[in-house]
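Encoded as structure tokens, the structure appears first; notes follow it.
Residue numbers (the working numbering), protein chains in the order written: chain A, 51 to 418; chain B, 41 to 141.
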């Protein structure tokens with residue numbers, strides 16, 4: 051498959067083997083983890099098709115996302131993906147009320163990714179997951195592994211105990227900025243553990259309702275980050291909203307700027323309209339692309355914010371609601387495709403440009 | 041099955057054989073790898089009525105449900121599977137693929 055633009059996928063979900071995670075855990079956590087008690091669990095909403103794609107299974111029964119080798123061969127190769135960012139989806143542990151256990155588990159998961167997944171293929175990069183339930187321990191984790199060349203981002207659950215702009219969380223951002231790592235949030239754990247309900251209205255009754263309303267938490271965090279002055283205090287910090295959709299952003303920014311004119315005196319550290327901080331510090335990923343009946347309507351929305359510098363392709367592989375690179379690219383106006391499909395991510399994550407020939411060579415080397 | 045470079049799924053819906061191209065009209069997923077099952081029929085709020093067992097094919101990617109007997113997506117009949125004519129003679133199923141496909 052050849053395209054006129056490179057493809058960098060900013061949201062791929064590996065599933066590290068729990069037995070391997072256990073090897074990186076010290077007692078008293080190892081026995082507990084290996085016994086199957088791994089955190090606060092989920093609310094139990096049911097998706098009839100399953101969250102992980104049932105067709106992404108190899109003849110031997112293993113899932114493509116269960117190993118770095120399979121992921122490289124059966125996903126990166128197939129879609130000619132230049133770089134793939136591994137985002138472990140086991141984020142609910144970060145909403146456990148047991149902060150020490152949560153911090154130990156995320157460290158062990160990060161160790162598996164860094165030591166067992168990243169070395170397998172030069173196209174792989176990883177987000178370091180942290181548990182925001184204890185920001186000091188999260189900052190310690192960033193300082194433990196943030197220097198690793200394959201680590202390009204910090205990842206937290208979008209479900210949270212309080213809005214992410216609040217001072218409680220600033221140690222995480224201080225450490226991330228120190229290592230020049232963007233902070234990303236990913237949905238799925240809303241309402242889990244000590245998080246607030248999945249929507250401010252309360253607990254949805256179905257996965258359908260839950261999934262459709264996930265954007266509520268993104269809106270809350272984004273407003274909080276700007277008004278609390280996170281981007282004033284940490285002027286180099288970038289924030290990535292993964293899997294939150296895009297169509298809600300422009301009207302929110304209009305309202306945000308309108309209110310700023312009247313209410314700025316309550317946040318005197320903001321010297322410019324909120325939309326300017328968002329444009330400079332916040333990025334979004336594409337999946338799940340909204341699909342209006344009239345495709346032109348989506349293109350109009352993409353013209354209402356700086357999509358050429360704020361939007362990055364993501365597949366969400368192997369989740370049920372993923373988008374293929376071809377599908378995402380077709381949804382975009384042609385002029386935006388090179389930026390969205392790869393170049394914005396290449397800049398954000400400082401990924402070296404590599405020609406197709408170099409990639410092939412790297413690939414040969416990595417597979418011996 | 042693979043036929044003439046086309047991947048085609050053949051389903052036996054309670055004795056009626058149906059052949060469809062293994063491509064979902066949404067994002068081109070291998071739709072035939074999804075589960076064949078029933079579904080909830082339209083009902084009043086709070087009521088659940090299961091029916092059409094064995095007649096519904098759900099895409100393994102985004103869960104779109106297709107009526108195997110018509111090929112149409114349940115939520116939008118404009119979206120449909122590509123179907124092929126099927127004939128059964130004695131113990132053999134014949135599928136007709138139009139020229140040029």
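Backbone N, C-alpha and C define an ideal beta-carbon position, used for all residues, glycine too. Here the structure is a predicted model, which means the values were calculated and not measured.
Residue from the options whose Cα sits closest to the Cα of residue i
{"i": "residue 97 of chain B", "options": "B:83, B:88, B:90 and B:108", "result": "B:108"}
{"i": "residue 335 of chain A", "options": "A:357, A:323 and A:314", "result": "A:357"}
{"i": "residue 172 of chain A", "options": "A:185, A:127 and A:183", "result": "A:127"}
{"i": "residue 116 of chain B", "options": "B:123, B:122 and B:105", "result": "B:105"}
{"i": "residue 281 of chain A", "options": "A:268, A:214 and A:260", "result": "A:214"}
{"i": "residue 206 of chain A", "options": "A:229, A:256 and A:153", "result": "A:153"}
{"i": "residue 178 of chain A", "options": "A:135, A:360 and A:386", "result": "A:135"}
{"i": "residue 68 of chain A", "options": "A:266, A:185 and A:163", "result": "A:163"}
{"i": "residue 237 of chain A", "options": "A:378, A:145 and A:227", "result": "A:145"}
{"i": "residue 307 of chain A", "options": "A:323, A:316, A:294 and A:318", "result": "A:323"}
{"i": "residue 72 of chain B", "options": "B:121, B:85 and B:79", "result": "B:121"}
{"i": "residue 352 of chain A", "options": "A:239, A:389, A:86 and A:79", "result": "A:389"}
{"i": "residue 48 of chain B", "options": "B:55, B:56, B:70 and B:102", "result": "B:70"}
Cβ-based burial, residue i [other Cβ within 10 Å; buried from 16]
{"i": "residue 44 of chain B", "result": "exposed"}
{"i": "residue 131 of chain B", "result": "exposed"}
{"i": "residue 140 of chain A", "result": "buried"}
{"i": "residue 110 of chain A", "result": "exposed"}
{"i": "residue 186 of chain A", "result": "exposed"}
{"i": "residue 88 of chain B", "result": "exposed"}
{"i": "residue 355 of chain A", "result": "buried"}
{"i": "residue 293 of chain A", "result": "buried"}
{"i": "residue 410 of chain A", "result": "For residue 410 of chain A, the predicted structure reports a pLDDT of 48, less than 50, and the residue's modelled location is therefore unreliable. The matter cannot be settled from this model."}
{"i": "residue 309 of chain A", "result": "exposed"}
{"i": "residue 45 of chain A", "result": "Absent from the structure is residue 45 of chain A, since the part of chain A shown begins at 51 and ends at 418."}
{"i": "residue 68 of chain B", "result": "exposed"}
{"i": "residue 137 of chain A", "result": "buried"}
Within-8 Å CB hit, residue i to chain B
{"i": "residue 105 of chain A", "result": "yes"}
{"i": "residue 371 of chain A", "result": "yes"}
{"i": "residue 51 of chain A", "result": "Since pLDDT at residue 51 of chain A reaches only 45, below the 50 mark, its modelled position is unreliable, and the value read off the structure follows with that caveat. Cβ-Cβ to chain B under 8 Å: no for residue 51 of chain A."}
{"i": "residue 377 of chain A", "result": "yes"}
{"i": "residue 114 of chain A", "result": "no"}
{"i": "residue 256 of chain A", "result": "no"}
{"i": "residue 335 of chain A", "result": "no"}
{"i": "residue 61 of chain A", "result": "no"}
{"i": "residue 262 of chain A", "result": "no"}
{"i": "residue 98 of chain A", "result": "yes"}
{"i": "residue 374 of chain A", "result": "yes"}
Within-8 Å CB hit, residue i to chain A
{"i": "residue 91 of chain B", "result": "no"}
{"i": "residue 98 of chain B", "result": "yes"}
{"i": "residue 73 of chain B", "result": "yes"}
{"i": "residue 102 of chain B", "result": "yes"}
{"i": "residue 85 of chain B", "result": "no"}
{"i": "residue 42 of chain B", "result": "no"}
{"i": "residue 67 of chain B", "result": "yes"}
{"i": "residue 70 of chain B", "result": "yes"}
Cross-strand partners of residue i (DSSP beta bridge)
{"i": "residue 113 of chain A", "result": "A:107"}
{"i": "residue 181 of chain A", "result": "Looking at the DSSP assignment, residue 181 of chain A forms no beta bridge with any residue, so it has no partner."}
{"i": "residue 120 of chain B", "result": "B:112"}
{"i": "residue 56 of chain B", "result": "B:53"}
{"i": "residue 295 of chain A", "result": "Partner(s): none; residue 295 of chain A has no beta bridge."}
{"i": "residue 234 of chain A", "result": "A:205 and A:290"}
{"i": "residue 362 of chain A", "result": "A:335"}
{"i": "residue 439 of chain A", "result": "There is no way to answer for residue 439 of chain A, as the model of chain A reaches only from 51 to 418."}
{"i": "residue 47 of chain B", "result": "B:42"}
{"i": "residue 282 of chain A", "result": "Looking at the DSSP assignment, residue 282 of chain A forms no beta bridge with any residue, so it has no partner."}
Cβ distance (whole Å) where residue i is taken to contact residue j below 8 Å
{"i": "residue 270 of chain A", "j": "residue 320 of chain A", "result": "Not really, about 18 Å apart at Cβ, beyond 8 Å."}
{"i": "residue 287 of chain A", "j": "residue 233 of chain A", "result": "7 Å"}
{"i": "residue 78 of chain B", "j": "residue 91 of chain B", "result": "6 Å"}
{"i": "residue 240 of chain A", "j": "residue 274 of chain A", "result": "Their Cβ separation, rounded to whole angstroms, is 15 Å, which puts residue 240 of chain A and residue 274 of chain A out of contact at 8 Å."}
{"i": "residue 317 of chain A", "j": "residue 277 of chain A", "result": "5 Å"}
{"i": "residue 363 of chain A", "j": "residue 57 of chain A", "result": "7 Å"}
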